[in-house]
Ligand SMILES: [Zn+2]
């Protein structure tokens with residue numbers, strides 16, 4: 278059923294996000310500022326931009342790269358990997374948090390450059406193959422060079438390389454195949470659980486009567502339940518703002534003895550906060566629907 282209230286609710290979002298190809302959009306540009314790459318913990322390195330993340334996980338048998346950023350982030354990632362002392366051609370596996378323009382836009386180029394295998398969930402592999410077109414909410418507006426996954430990941434599937442094991446947890450909602458990754462790292466004789474959150478944000482989505490994504494609400498709820506159960510010492514994610522990247526970079530520079538990225542409470546707080554936001558948006562849309570019905 279057509280819902281004017283819903284349309285009014287999401288209209289400002291569309292206006293904000295139109296015409297975003299290249300780095301014409303000021304918000305997108307601000308997310309893509311260069312950052313000095315650094316080692317986060319164990320064999321996990323930061324190779325991304327100021328807010329759009331990219332993680333390099335190194336092993337003796339080659340490396341895994343999680344997320345490409347925008348198409349415009351690729352030159353930074355290339356420079357960062359080299360500055361960290363690694364070689365681009367040693368990246369053997371590419372993985373993705375979710376198939377949106379700002380996290381998957383550069384995957385085609387990175388795949389070409391590295392000849393790495395791209396692994397993705399079924400639903401997001403379809404979005405990657407479409408270059409972001411046909412997204413349930415953005416339609417064709419946030420498109421990028423399409424890229425084909427070499428392997429489809431099932432829920433809880435392990436990706437292994439050179440003694441490192443990453444686990445793919447399907448956490449749909451933000452995209453239908455949004456994936457949260459976990460791994461264990463060893464650092465200074467201690468073992469830590471690392472979580473790379475796909476995304477829990479609800480950027481102007483139609484949550485009620487969404488014909489393009491009928492299960493959206495159930496998926497978000499299940500994703501929150503799932504994320505709350507993951508053991509998390511080191512909290513990372515697809516946007517720096519999720520886990521306080523900029524603040525933690527400063528803290529790391531001030532006191533390298535205490536790793537600020539070890540932040541189990543930050544992870545719990547993030548989930549509490551974003552679940553509250555999701556529920557508030559759901560409630561608001563339910564209210565709007567009732568108002569519309571009465572009018
Ligand atoms: Zn996204």
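Residue numbers (this note's numbering): 278 to 572.
Glycine included, every Cβ here is placed at the ideal spot set by N, Cα and C.
{"Asked": "Length of the line joining the Cα atoms of residue 295 and residue 379", "Found": "Confidence in residue 295 is poor, its pLDDT being 42 and thus under 50, which makes the residue's placement unreliable; the coordinate value appears in the next sentence. Spanning the two alpha carbons is a distance of roughly 14 Å."}
{"Asked": "Alpha-carbon to alpha-carbon, residue 436 and residue 446", "Found": "11 Å"}
{"Asked": "Pairwise C-alpha distance: residue 565 and residue 356", "Found": "48 Å"}
{"Asked": "Residue 486 burial status per 10 Å Cβ neighbour count (16 or more: buried)", "Found": "exposed"}
{"Asked": "Buried versus exposed, by CB contacts within 10 Å (16 or more), residue 463", "Found": "exposed"}
{"Asked": "C-alpha gap between residue 559 and residue 345, whole angstroms", "Found": "31 Å"}
{"Asked": "Under 8 Å between C-beta atoms of residue 474 and residue 519", "Found": "yes"}
{"Asked": "Buried versus exposed call for residue 442 [16 or more other C-beta atoms within 10 Å across all chains shown]", "Found": "exposed"}
{"Asked": "Near ligand 1: residue 476 beta-carbon under 7 Å from a heavy atom", "Found": "yes"}
{"Asked": "Range covered by the alpha helix (DSSP H) that runs through residue 544", "Found": "541–571"}
{"Asked": "C-alpha distance - residue 287 paired with residue 481, whole-angstrom precision", "Found": "Any reading at residue 287 is ruled out, since the residue's pLDDT is 42, under 50, leaving its predicted position unreliable."}
{"Asked": "Residues of its chain near residue 317, where Cβ-Cβ distance is below 6 Å and the 5 sequence neighbours each way are ignored", "Found": "323 and 538"}
{"Asked": "Delimiting residues of the alpha helix (DSSP H) encompassing residue 340", "Found": "No alpha helix (DSSP H) holds residue 340; the beta strand (DSSP E) holding it covers 339–343."}
{"Asked": "Cβ shell of residue 306 (< 7 Å), same chain only, five flanking positions each side left out", "Found": "300"}
{"Asked": "Residue 521 - DSSP class collapsed to helix/strand/coil", "Found": "coil"}
{"Asked": "C-alpha gap between residue 461 and residue 416, whole angstroms", "Found": "37 Å"}
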